[in-house]
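Engineer: The structure is given below, and queries will be raised subsequently.
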Amino acid sequence: MNRVVRRFRALPLRSRLALLVATAVALAVAAAAVTCWFVVRNALIDSLDGALSSNRPNPNQVVQQIDIDALAGKARCLRTIPTRDNTDLYEQTIQIVSKNGTKCTILGRRSIEVGPEDTAVAENQDTETYHNAVASNGEKYRVLTYPLKEYPQFSLAVSVARPLSEVDDTLDSLALILVVVAGVGVLGAGAAGLWVARTGLRPVDRLTEAVEHVARTEDLNLRIPVEGDDEIARLSESFNSMTASLASSRDLQQQLIADAGHELRTPLTSLRTNIELLARSEETGRAIPPDDRKALLASVTAQMTELAVLIGDLQELSRPDTGESGAKVQVVALHNLTRTAIERARLRGPELTITAELAPWYVRVEPPALERAIVNVLDNAVKFSPPRGTIEVALDRGRLTVRDHGPGIPEDELPHVFDRFWRSPSARSLPGSGLGLSIVARTVRQSGGEVTLAAAEGGGTVVTVQLPGAATPPPGEMPSTPS
1 MNRVVRRFRA LPLRSRLALL VATAVALAVA AAAVTCWFVV RNALIDSLDG ALSSNRPNPN
61 QVVQQIDIDA LAGKARCLRT IPTRDNTDLY EQTIQIVSKN GTKCTILGRR SIEVGPEDTA
121 VAENQDTETY HNAVASNGEK YRVLTYPLKE YPQFSLAVSV ARPLSEVDDT LDSLALILVV
181 VAGVGVLGAG AAGLWVARTG LRPVDRLTEA VEHVARTEDL NLRIPVEGDD EIARLSESFN
241 SMTASLASSR DLQQQLIADA GHELRTPLTS LRTNIELLAR SEETGRAIPP DDRKALLASV
301 TAQMTELAVL IGDLQELSRP DTGESGAKVQ VVALHNLTRT AIERARLRGP ELTITAELAP
361 WYVRVEPPAL ERAIVNVLDN AVKFSPPRGT IEVALDRGRL TVRDHGPGIP EDELPHVFDR
421 FWRSPSARSL PGSGLGLSIV ARTVRQSGGE VTLAAAEGGG TVVTVQLPGA ATPPPGEMPS
481 TPS
């Protein structure tokens, strides 16, 4: 059995489908043919039984044809019932049966063997029975045996029999017809199954060719025509969506590499220039004035810091969007996390005033990622705030707002603020990589929240971060402490 299953699975899908269809049709045709055969057989036997019942001889005429006393010992028929050229009667056999098993044939070419069914009817005189029996020549007959009730004192029964060939010949012809029809049906079903398999799998062939083409050429712009709304159409749509997503991901990856190369080029070029100046000074023996040397070293340090920040941001953005960063998701007190980020922001802008109104709010996030996102938001506010300006921070029911009083962002630039490496023309002279707000948007989105940036009333910019959570920590869970 296992070998058959393995061979079946080794067949091509078209052949398996055609074989399954042919097998299903063969089983259905076989079941229908067998059912039809038995229904016709029962109908023919019922018809034959009806003919036997309707051809019962007259009781008086039966008694006149036999020697009653002789039946007590050895049956003896005086004469047979005339057939009156009745062919139907001539084909049947009529015989008298006694309770001790003796018989006397009064009509027909051959006698029928007496069975226990016949003697029981002769003895009991209260029932009749239909059964099969064998004639003297070995031919099968259908027999009706009924009691001769008009003369109960003799305990006799009459058996009327007709050959079963009347039924068997018809059944043999029917069986032959059913076998031929079934064979033609199975062959037709196999051909139809093969055609259906080829037609139904044609879209799968196109999909296979498309996949092989993509694997061979890496052409992600290939699309499969979608026809209808069945499973194959859904599969084609899924393939098209997959290739579109892969193409978009590849484009974003290439754009990220191009943008990263562009952003890295500036500090690297400046760093290289400064290092070459220092090296040339050492090679030529011409000392650089102390103030210039100090400024040069400070520039090198700042450029290295900028490179480190940019590389860290790139590493953060290279993480998958599924949140698989290795950090554990924990319950965090967002108000405490925000308070820690504010303290860091005060170190970067000691001349600024940062006000905070923080209501308790607990969220389930990756603490390091969310803390960095909040720090990025505050860093932007510090960067664009005027000297001795004010930054207003508020947290109410999971809604964190950071508002500065800087120059603000033009309306046409707002849709791009969360794009990677995008920097406002007015901010390109300031330090930064253009990745901070991209990291903020990514982190907040992974935490199940939303972030928006808009112009504030009276000037400046307001950043709003909405995170799902609760005003109290979940029972049995201690919120983590910010680092």
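The end of the sequence shown is residue 483 by UniProt numbering, with every number in the run present.
C-beta: ideal position from N, C-alpha, C; glycine also.
Predicted model only: the values in this text are computed from it and were never measured.
1) Where does D126 sit, in a helix, a strand or coil, going by DSSP?
2) Between the C-alpha atoms of T217 and R234, what's the straight-line distance to the nearest angstrom?
3) Assuming L334 contacts G436 (C-beta within less than 8 Å), just tell me the rounded distance between them.
4) Does P415 come out as helix, strand or coil in the three-state DSSP assignment?
5) How would you write the range of the beta strand (DSSP E) that Q466 sits in, first residue to last?
6) Decide if W195 is buried, meaning its Cβ has at least 16 other Cβ atoms within 10 Å, or exposed.
7) Please go through the same chain and pick out, in chain order, the residues whose beta-carbon is closer than 8 Å to the beta-carbon of S165, but skip the five residues on each side of it.
8) Mind checking Q303: buried by the 16 CB within 10 Å criterion, or exposed?
9) From what residue to what residue does the beta strand (DSSP E) around V97 run?
10) Going by alpha carbons, who is nearest to L156 out of Y130, Q125 and L171?
11) So what's E392 in DSSP terms, helix, strand or just coil?
12) On the CB-based measure, 16 or more other CB atoms within 10 Å of its CB, does A332 come out buried or exposed?
13) Taking only the alpha-carbon atoms, compute the straight-line gap between A215 and N240 and give it to the nearest angstrom.
14) Using a Cβ distance threshold of 8 Å, determine whether the stretch 459-468 contacts the stretch 400-408, with at least three qualifying pairs required.
15) Can you tell me which of the three DSSP states N60 falls into?
16) Which of helix, strand or coil does DSSP assign to H405?
17) How is V226 classed by DSSP in three states: helix, strand or coil?
18) Give me the Cα-Cα distance between V375 and Q330, rounded to the nearest whole angstrom.
19) Go to S385, then tell me how far its alpha helix (DSSP H) extends in each direction, as first and last residue.
20) What do you get for F384, buried or exposed, if any count of 16 or more other CB atoms within 10 angstroms of its CB means buried?
21) Between D169 and A175, what straight-line distance do the alpha-carbon atoms span, to the nearest angstrom?
22) R84 by DSSP, collapsed to three states: which one?
23) Quick one, which of A28, L48 and P289 has its alpha-carbon nearest V181's?
24) Could you say which of L271, Y362 and L378 lies nearest to A356 if we only look at CA atoms?
25) Just tell me which of A24, V97, T401 and L201 has its CA closest to the CA of V465.
26) Straight-line CA distance for A210 to T340?
27) Suppose the cutoff is 6 Å on Cβ atoms and the five residues either side in sequence are ignored; what does the same chain contact list for E128 look like?
28) Look at the alpha carbon of L19 and the alpha carbon of S236, and state the distance between them as a whole number of angstroms.
29) Does DSSP classify S241 as helix, strand or coil?
30) For R388, tell me which candidate among S53, F418, I224 and P350 has the shortest Cα-Cα distance.
31) Can you tell me which of R142, A441, R372 and F38 puts its alpha carbon nearest to the alpha carbon of S53?
32) Going by DSSP, which residues form a beta bridge with N137?
33) In the DSSP output, what is Y362 paired with across the bridge?
34) Return helix, strand or coil for V114, following the three-state DSSP convention.
35) Quick check on this structure: which residue in I409, N42 and G448 has the alpha carbon closest to the alpha carbon of A457?
36) Which of helix, strand or coil does DSSP assign to P163?
Structural biologist: Well, looking at it:
1) coil
2) 24 Å
3) Incorrect: roughly 19 Å between the Cβ atoms, too far for contact.
4) helix
5) T461 to Q466
6) Its Cβ having fewer than 16 others within 10 Å, W195 is exposed.
7) Closer than 8 Å at the Cβ level, and outside the excluded window around S165, lie E139 and K140.
8) buried
9) T93 to S98
10) Q125
11) strand
12) According to the sequence provided, residue 332 is Val. The question's Ala does not apply to it. By the beta-carbon neighbour count (other beta carbons within 10 angstroms, threshold 16), V332 is buried.
13) 15 Å
14) A contact exists between the stretch 459-468 and the stretch 400-408.
15) helix
16) coil
17) coil
18) Each residue's alpha carbon lies about 19 Å from the other.
19) Premise fails: S385 is in no alpha helix (DSSP H) and is neither H nor E.
20) buried
21) 10 Å
22) Below a pLDDT of 50, predicted positions are generally treated as unreliable, and R84, at 43, falls in that range; no measurement from the model is reported.
23) A28
24) L378
25) T401
26) 53 Å
27) Result list for E128: Y146, in chain order.
28) 26 Å
29) Three-state result, S241: helix.
30) P350
31) R142
32) Paired residue(s): none; N137 is not in a bridge.
33) A333 and A470
34) If DSSP states are grouped into helix, strand and coil, V114 belongs with coil.
35) Checking the displayed sequence, the identity of residue 457 turns out to be Glu instead of Ala. When each option's Cα is compared against that of E457, the closest is I409.
36) strand
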